[in-house]
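Per my numbering, residue 641 is the first one in the sequence shown, and the count goes up by one each step.
Glycine included, each C-beta is placed from N, C-alpha and C at the ideal position.
Keep in mind the model is a prediction, meaning the values are calculated, not measured.
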Amino acid sequence: MANEKVKIFDTTLRDGEQTAGAGMTTQEKLELGKQLERLGVDIIEAGFAASSQGDFEAVSTLARELRRPIIASLARANPNDVDRAWDAIKDASKPRIHVFLSSSDIQIMHQLRRNREEVMDMAVTMVSRARGYCEDVEFSPMDATRTEPEYLYTMLEAVIKAGATTINIPDTVGYSIPSEFALLIKGVRENVPNISKAIISVHCHNDLGLGVANSLAAVQAGARQVEGCINGLGERAGNASLEEIIMAIDTRKDLLKVYTDINTSQLYRTSRMVSDISGFPIQPNKAVVGQNAFRHASGIHQDGVLKERQTYEIMDPLAIGWPSGNGVVLGKLSGRAGLRSRLEELGYKLEKNELDQAFESFKSLADKKREISDRDLEALMSEHFRADVEQYSYALDQVQVSCGDHEIPTATVRLIGPDNEVYVDASTGTGPVDAVYKAINRIIGVSNTLTEFTVNSITEGIDALGEVTIRIQNNDRIYVGRASDTDIIVASAKAYMNALNRLITLGEAGKQSLTGIPNP
Ligand code: KIV
Ligand code: ZN
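This is the structure in structure tokens:
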């Protein structure tokens, strides 16, 4: 029997964005959406249109701009959400409305404060309303793994009858274990009489660290769509890591007898981009994309890999898009062609004007740093990306500090405002970074608390680029800011501007978190 396809449903832009402190601007979502399209995912859940004006705009922008994948918007089971979802995705070449509603007694009773009959009715009515707009409708009984199976089967039968074309079984609280989850999928296949009219999907959270294992068990039991996030982003402990599921399916096709349409060589680049935008570093020992995933430390392993790669490597790093590390080191004397070819190896395809800009930044970095490594190039491209996508309210034009053990740390900053006006101000502080942040605050005046400040050296050596990640809190929301520079005070100032601009952009869009929205 021919292998069957498993559809990959990416929800990095919706469930992933629900990670505390991972808010993304529309422009960032669009850039990430384009990368997900290059990766070849089948469905992009672009957001939750009814949750805020900002999310609505993000979903509709992706629906207009990305033509290959299905673009989905999440919607609660109420008329306004379904209508807003449709409004946001109606220009997509392949639109999908994804309706969800709690099905477990604990959520029905305590959160929705309804009874099972009412909930059944809401599910059916809203699926058929969605179907009135769109041929592609997904339904998720939220908390399915803690739902009484008989009620779940009846609900699934009813929503399929109402027009649902995909039924998604979420392990919303990451409670299930693989053998049990596989049995649930088997139960759905055997007990929902019209199940052949819909695709079975799964959506596993990672509270017990079983998101990927549960997803694969479900695939073995017949699920043909898997939902997840790149780098395992998502609520609480996150969603199942898509890159791990994809590579497990690819590596163990002998056993699983399924395939995906993913271009795996884009996985490394996609993972780096998600880390960059979300401000969540990838743990070094993370499967598939962590820094150590293909590093062999012990002498025996090194010996084996040198003789035959497959002795200790089950995947080819090149197939995931890992840079080959071919020994080319760029520096002051390197030309534009050398830079372009190295960037291409790293997965960056640049237009001529983008290459011109990148070359300028490269030259200025090469004046300060003798050897430019792949990690330096990635940091440099991240800076470009941030400059491109940041819908600047304010831009940092100049920063100057004086500090030392007998000086009062003092900073002067010059910012360019939204209408190109120039602002200059100065402040003292407990240290140089504090002085810079206070001087910026005197100009921008948006109240916030700094909750995280980390500096990492991108490579070794005294001339290394410093990468600063900060998080600031305003009301209940957290905003990330990231930047790199050979001068860590400059990097700190740029990271703060990045976070403030995000706060201003997302704050204005009136973004709320999913949990902050009253249920229907
Ligand atoms: O985890 C969950 O149940 C969800 C649904 C909205 C699908 O994210
Ligand atoms: Zn979820």
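- Its chain contains Ala1131 as the residues whose beta carbon lies nearer than 6 angstroms to that of Asp1125, once the 5 sequence neighbours on both sides are disregarded; these appear in chain order.
- Per DSSP, reduced to three states, the secondary structure at Val945 is helical.
- If you check the C-beta of Asp655 against the ligand ZN, you find a heavy atom less than 6 angstroms away.
- Distance from the Cα of Thr812 is smallest, within the candidate group Ser742, Ala1104 and Ala822, for Ser742.
- Residue burial annotation: Ser691 is buried, with at least 16 other C-beta atoms found within 10 angstroms of its C-beta.
- For Ala642, the secondary structure class from DSSP, reduced to helix, strand or coil, is coil.
- Spanning the alpha carbons of Arg707 and Thr1050 requires a straight line of approximately 51 angstroms.
- Annotation for Pro735: Ala703, Ile711, Ile729, Cys774 and Asp776 place their beta carbon closer than 7 angstroms to its own, counting only its chain and skipping 5 residues before and after.
- Beyond the five residues adjoining it in sequence on each side, Ala802 comes within less than 7 angstroms, by CB distance, of Val764, Val767, Ser768 and Arg771 in the same chain, given in chain order.
- Less than 7 angstroms separates the beta-carbon of Arg909 from that of Gly961.
- In this structure, DSSP gives Leu1146 a helical state, which the three-state scheme calls helix.
- Between the ligand KIV and Thr765, a heavy atom-to-CB distance of less than 6 angstroms is absent.
- Remark: C-beta atoms of Asp1103 and Lys1009 approach each other more closely than 7 angstroms.
- By the Cβ-count criterion, Ser938 is exposed, with fewer than 16 other Cβ atoms from all chains shown falling within 10 Å of its own Cβ.
- Of the heavy atoms belonging to the ligand KIV, none sits nearer than 6 angstroms to the Cβ of Ser841.
- Under the 8 angstroms Cβ criterion, the stretch 1112–1119 does not count as touching the stretch 1041–1057, having fewer than three qualifying pairs.
- Residue burial is scored here from C-beta neighbours: Leu895 has fewer than 16 other C-beta atoms within 10 angstroms and is therefore classed as exposed.
- Taking the C-beta atoms as reference points, Val859 is found no nearer than 7 angstroms to Val1108.
- By DSSP's assignment, Tyr791 forms no beta bridge with any residue.
- Sequence-distant partners of Cys844 (beyond 5 residues in either direction) whose C-beta falls short of 6 angstroms from its own C-beta, in its chain, are Asp811, Gly851, Asn854, Ser855 and Ala880.
- Secondary structure at Asp783: coil, using DSSP grouped into helix, strand and coil.
- Short of 8 angstroms from the beta carbon of Ser816, and not among the five residues preceding or following it, lie these beta carbons of its own chain, in chain order: Thr785, Leu824, Cys844, Leu850 and Asn854.
- In terms of side-chain proximity, the C-beta atom of Met782 is found nearer than 6 angstroms to a non-hydrogen atom of the ligand KIV.
- Around Tyr988, the same chain offers Met1021 as residues with beta carbons nearer than 7 angstroms, after the five sequence neighbours per side are excluded.
- In the three-state scheme derived from DSSP, where H, G and I count as helix and E and B as strand, Glu994 is classed as helix.
- With respect to Thr900, Ile889 sits close: the two C-beta atoms are nearer than 7 angstroms.
- The beta-bridge partner set that DSSP reports for Cys774 is empty.
- With a cutoff of 7 angstroms on beta-carbon distance, Asn1138 and Gly1121 are scored as near each other.
- Listed in chain order, the alpha helix (DSSP H) elements of length 4 or more contained wholly in the stretch 1039–1117 are 1072–1084.
- In this structure, the CA atom of Ala863 is about 5 angstroms from the CA atom of Ile840.
- Taking each of Asp727, Lys837, Ser819 and Ala1066 in turn and checking the Cα distance to Val799, the smallest one comes out for Lys837.
- Just measuring C-alpha positions, the residue of Ile746, Thr1145 and Arg912 sitting nearest Gln931 is Arg912.
- Under DSSP, Ile711 takes part in a beta bridge, and its partners are Ile684 and Pro735.
- In the DSSP assignment, Gly851 falls within the unbroken alpha helix (DSSP H) covering Gly851 to Gln860.
- Here Ile1129 has Val1041 and Pro1072 as same chain residues with Cβ atoms under 6 angstroms from its own Cβ, once five neighbours each way along the sequence are excluded.
- Contact between Phe934 and Glu948 fails: their C-beta atoms lie close to 15 angstroms from each other, not under 8 angstroms.
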